[in-house]
Amino acid sequence: MSRIIYSGQVPGLHNLTNLQVLDLENNNLGPQFPSLPTKLVSLVLRKNKFHSAVSDELSSCYQLKKLDISLNELVGLFSPSFLSLPSLTYLDIGGNKFTAKLSENISCNEQLSFVNLSENRLTGELPDCLQSSSRTRVVLYNGNCLSGRYQDQHPLSFCHSEALAVGISPHKEDEKRGYDKAVLASSMVGGIVGATALLGLAFLFVKREFAKQHRHVNKDPHTRLIVDKISPANTLQLLKDAIGSTWIPPYRTFVLDELKEATNNFNALNLIGEGSYGQVYKGWLIDGTVVAIRSMKVKKRHSIHTYTHQLELVAKLRHCHLVSAIGHCFECCQDDSSVRRIFLVFEYVPNGTLRSFVSDGQPGQKFTWKQRIGAAVGVARGIQFLHTGIVPGVYSNRLKITDVLLDHDLHVKISKYNLPLLAETRRSDEVEVSSRGPKQDFVSMLGCEEKDDVYDLGVILLEIIVGRTIISFSDISVSKDILSVSLTADSIARRSIVDPAIHKECSDDSLKTLIELCIRCLSTVPSERPSVEDVLWNLLFAAQVQEMWHREPSSNRDSPVHAPSAGSSPSFAWRSIIEAHEAAEGRSRSAWARICLSGRMASTNLRPPQMLEKHVSISNSPPLEEGKEDRSMHKYEGECENYILQCAECKTRVHDNQKVYMYK
1 MSRIIYSGQV
11 PGLHNLTNLQ
21 VLDLENNNLG
31 PQFPSLPTKL
41 VSLVLRKNKF
51 HSAVSDELSS
61 CYQLKKLDIS
71 LNELVGLFSP
81 SFLSLPSLTY
91 LDIGGNKFTA
101 KLSENISCNE
111 QLSFVNLSEN
121 RLTGELPDCL
131 QSSSRTRVVL
141 YNGNCLSGRY
151 QDQHPLSFCH
161 SEALAVGISP
171 HKEDEKRGYD
181 KAVLASSMVG
191 GIVGATALLG
201 LAFLFVKREF
211 AKQHRHVNKD
221 PHTRLIVDKI
231 SPANTLQLLK
241 DAIGSTWIPP
251 YRTFVLDELK
261 EATNNFNALN
271 LIGEGSYGQV
281 YKGWLIDGTV
291 VAIRSMKVKK
301 RHSIHTYTHQ
311 LELVAKLRHC
321 HLVSAIGHCF
331 ECCQDDSSVR
341 RIFLVFEYVP
351 NGTLRSFVSD
361 GQPGQKFTWK
371 QRIGAAVGVA
381 RGIQFLHTGI
391 VPGVYSNRLK
401 ITDVLLDHDL
411 HVKISKYNLP
421 LLAETRRSDE
431 VEVSSRGPKQ
441 DFVSMLGCEE
451 KDDVYDLGVI
461 LLEIIVGRTI
471 ISFSDISVSK
481 DILSVSLTAD
491 SIARRSIVDP
501 AIHKECSDDS
511 LKTLIELCIR
521 CLSTVPSERP
531 SVEDVLWNLL
541 FAAQVQEMWH
551 REPSSNRDSP
561 VHAPSAGSSP
571 SFAWRSIIEA
581 HEAAEGRSRS
591 AWARICLSGR
601 MASTNLRPPQ
611 MLEKHVSISN
621 SPPLEEGKED
631 RSMHKYEGEC
641 ENYILQCAEC
651 KTRVHDNQKV
661 YMYK
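Heads up, the sequence shown is in the UniProt record's numbering, so the first residue is 1 and it goes up one at a time.
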């Protein structure tokens with residue numbers, strides 16, 4: 001709608017809640033600045049006839065990437081908060097009559113690549129964040145009244161006398177020439193930045209239209225396959241699957257009465273969680289939005305100002321694979337106005353945890369193999385954003401599969417990541433399956449925070465693969481060893497270790513890729529673990545391989561897993577794994593003492609040595625005669641399938657000369 005020469009007043013647009021792009025450049029619109037929705041990604045009102053103050057909604061447009069309101073006659077106070085909008089990369093307010101006293105300590109969004117403040121009525125000093133030398137950021141500020149050694153500035157009296165004027169500056173021609181230079185520079189940089197932004201916005205628009213056309217065709221809410229990410233021809237699919245539900249309500253400050261009304265005065269019936277961090281309540285805002293409200297009691301009383309920086313960081317933690325905060329509220333003491341309790345308001349994620357779709361659910365409710373890969377990609381992208389999407393990054397998040405939730409469309413979202421405000425409420429005696437292991441000293445923790453989260457991702461991958469709950473370090477050690485040995489076995493044996501609900505639908509190459517990746521993530525040496533970027537690459541590769549396998553005729557695929565033929569052992573697949581492992585280790589079948597590991601048979605040499613010393617004692621057995629089968633084990637293999645590994649108790653059974661250990 002730019003350059004069509006519309007004139008007149010722009011109607012209020014705040015009811016267009018899904019509007020993301022608005023371009024009304026070079027018209028005769030005005031004089032009042034329109035009310036705006038808060039989901040805008042790009043707003044261009046350049047070169048119109050607006051000469052009022054801007055609407056308050058602009059400061060709440062947390063998804064805004066481009067803001068160009070230059071060459072109008074806008075008046076009123078310029079809010080420095082525009083400089084710190086979390087998504088903003090392009091800001092042009094040049095050629096208006098904004099007033100403000102700037103200061104050096106104003107903060108800026110580090111992603112800002114272009115800032116034009118020229119030809120306004122700004123006083124004070126240019127913020128330090130705009131003066132720092134950067135080859136990727138252009139800053140224009142001529143034609144103001146800034147104090148200091150700034151070039152092309154008016155005297156302070158000019159801005160004071162002209163602050164409310166509607167006339168043209170006495171230095172009209174000089175200003176015009178100066179601003180033409182500014183516009184030229186802004187056009188060069190803005191063209192590059194704008195083209196990139198518009199390309200992305202075009203993809204979003206096509207994605208939205210595509211979704212509308214297919215809404216009645218595909219009603220399966222499950223996560224679609226993300227395997228086409230590597231192919232340029234499938235960019236639309238990449239956007240649709242990777243982004244998922246892109247809209248997150250804008251961040252704002254709540255008042256306590258709003259939260260009381262949303263939770264029926266924090267009624268116990270609305271309590272959905274409780275822990276060392278406080279209580280979590282489900283609530284309903286006035287507009288119908290369902291939220292999760294985390295109530296945290298502050299141990300040490302401070303003023304509201306103390307928490308400003310932390311809340312700025314919380315507001316920036318907005319990503320499609322994070323359970324994002326949409327606001328906060330303070331409860332203060334009446335005597336000294338210090339903060340007594342902090343409420344964080346989060347988006348509500350309704351479909352439970354990833355574990356419930358991987359290892360706890362009924363077989364018919366479990367995720368398919370391609371959905372599991374998609375979930376792993378989502379978790380990895382969430383971790384990547386925590387590490388690199390904001391400054392400083394958020395590390396040591398102590399992620400667990402129960403912290404990964406699923407939304408309406410079954411896209412994964414990480415909750416309970418390392419929010420700054422939660423640090424002081426975290427109990428030091430919490431027992432978790434953690435990347436640091438049971439005996440790692442503090443010094444060894446330093447410098448490997450990123451790899452801590454990679455380890456935790458490995459534990460999540462482990463449960464995704466085997467389809468059963470991982471609750472202890474011994475579970476991790478045993479399952480990791482089983483995965484390691486399976487890499488030397490054939491595809492039938494390898495598939496037998498995965499969740500029976502999905503073992504027939506995964507390609508062997510895809511499975512091997514995830515197994516190898518999981519083992520690397522679970523390395524006890526942090527430096528040997530892959531980076532998050534490497535994890536993502538391997539997951540996307542596994543997805544691509546899976547899709548290629550899925551598209552092949554069934555006759556060309558690697559052999560699916562079939563039920564054992566008549567006369568074969570119930571542990572046929574595991575015998576294949578053990579035989580391959582023993583052959584690689586050069587061990588004879590005289591070492592075939594058996595132990596029940598998590599409901600499946602495996603060799604005792606798969607146990608970590610320290611656990612063998614603690615739990616397993618195997619008497620020597622004479623070697624089998626040539627051509628004879630070790631039938632002493634068949635009697636117990638069926639029984640052993642019903643036992644689950646829990647290292648607290650061992651039950652010993654003795655048959656002939658050999659001891660068999662089964663864990664209740």
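Glycine residues also receive a C-beta, built at the ideal position from the N, C-alpha and C atoms.
Rounded to the nearest angstrom, what separates residue i and residue j at their Cα positions?
{"i": "isoleucine 248", "j": "glutamine 310", "result": "20 Å"}
{"i": "asparagine 72", "j": "arginine 46", "result": "7 Å"}
{"i": "aspartate 56", "j": "glycine 8", "result": "21 Å"}
{"i": "glutamate 125", "j": "aspartate 453", "result": "42 Å"}
{"i": "isoleucine 492", "j": "serine 479", "result": "18 Å"}
{"i": "leucine 19", "j": "leucine 40", "result": "6 Å"}
{"i": "arginine 495", "j": "lysine 504", "result": "8 Å"}
{"i": "valine 75", "j": "valine 525", "result": "60 Å"}
{"i": "phenylalanine 357", "j": "phenylalanine 541", "result": "23 Å"}
{"i": "arginine 177", "j": "glutamate 119", "result": "Residue placement at arginine 177 is flagged as unreliable, the pLDDT there being 43, under the threshold of 50; a coordinate-derived value is accordingly withheld."}
{"i": "serine 359", "j": "arginine 551", "result": "27 Å"}
{"i": "aspartate 475", "j": "isoleucine 106", "result": "51 Å"}
{"i": "proline 80", "j": "arginine 294", "result": "30 Å"}
{"i": "valine 21", "j": "leucine 462", "result": "42 Å"}
{"i": "leucine 36", "j": "glutamate 25", "result": "16 Å"}
{"i": "valine 10", "j": "arginine 372", "result": "48 Å"}
{"i": "cysteine 61", "j": "glycine 382", "result": "22 Å"}
{"i": "arginine 529", "j": "leucine 483", "result": "16 Å"}
{"i": "glycine 95", "j": "alanine 325", "result": "36 Å"}
{"i": "aspartate 336", "j": "cysteine 145", "result": "40 Å"}
{"i": "lysine 49", "j": "aspartate 152", "result": "26 Å"}
{"i": "glutamate 274", "j": "valine 280", "result": "6 Å"}
{"i": "alanine 501", "j": "glutamine 365", "result": "10 Å"}
{"i": "glycine 143", "j": "histidine 154", "result": "6 Å"}
I think residue i touches residue j, with their Cβ atoms under 8 Å apart; what is that distance to the nearest whole Å?
{"i": "alanine 375", "j": "leucine 354", "result": "6 Å"}
{"i": "serine 287", "j": "valine 349", "result": "Contrary to the premise, residue 287 reads as aspartate rather than serine in this sequence. Going by Cβ atoms, the distance from aspartate 287 to valine 349 rounds to 18 Å, so no, they are not a contact pair."}
{"i": "leucine 256", "j": "glutamate 331", "result": "6 Å"}
{"i": "leucine 67", "j": "phenylalanine 82", "result": "7 Å"}
{"i": "histidine 321", "j": "valine 412", "result": "6 Å"}
With DSSP run on the structure shown, which of helix, strand or coil describes residue i?
{"i": "lysine 297", "result": "strand"}
{"i": "tyrosine 455", "result": "helix"}
{"i": "cysteine 145", "result": "strand"}
{"i": "asparagine 15", "result": "coil"}
{"i": "arginine 46", "result": "coil"}
{"i": "valine 466", "result": "helix"}
{"i": "arginine 398", "result": "coil"}
{"i": "leucine 85", "result": "coil"}
{"i": "arginine 495", "result": "helix"}
{"i": "leucine 285", "result": "coil"}
{"i": "arginine 355", "result": "helix"}
{"i": "leucine 322", "result": "strand"}
{"i": "leucine 419", "result": "coil"}
Where do the N-terminal and C-terminal ends of the alpha helix (DSSP H) with residue i fall, by residue?
{"i": "glutamate 547", "result": "532-551"}
{"i": "threonine 308", "result": "308-316"}
{"i": "phenylalanine 473", "result": "473-486"}
{"i": "lysine 260", "result": "256-262"}
{"i": "threonine 388", "result": "369-388"}
{"i": "arginine 121", "result": "It is not in any alpha helix (DSSP H) - arginine 121 instead sits in the beta strand (DSSP E) that spans 121-124."}
{"i": "leucine 130", "result": "128-131"}
Strictly by DSSP, which residues pair up with residue i?
{"i": "cysteine 329", "result": "Phe343"}
{"i": "serine 7", "result": "Asn28"}
{"i": "glutamine 279", "result": "Glu274 and Ser295"}
{"i": "lysine 66", "result": "Ser42 and Tyr90"}
{"i": "aspartate 23", "result": "Val44"}
{"i": "lysine 101", "result": "Thr123"}
{"i": "serine 406", "result": "In the sequence on display, residue 406 carries leucine and not serine. Answer by DSSP bridge pairing, in chain order: Val412."}
{"i": "leucine 77", "result": "Thr99"}
{"i": "valine 290", "result": "Trp284"}
Along the chain, where does the beta strand (DSSP E) that runs through residue i open and close?
{"i": "leucine 271", "result": "271-275"}
{"i": "isoleucine 414", "result": "412-414"}
{"i": "arginine 520", "result": "Here arginine 520 belongs to no beta strand (DSSP E); instead the alpha helix (DSSP H) covers 508-521."}
{"i": "phenylalanine 114", "result": "114-116"}
{"i": "valine 138", "result": "138-140"}
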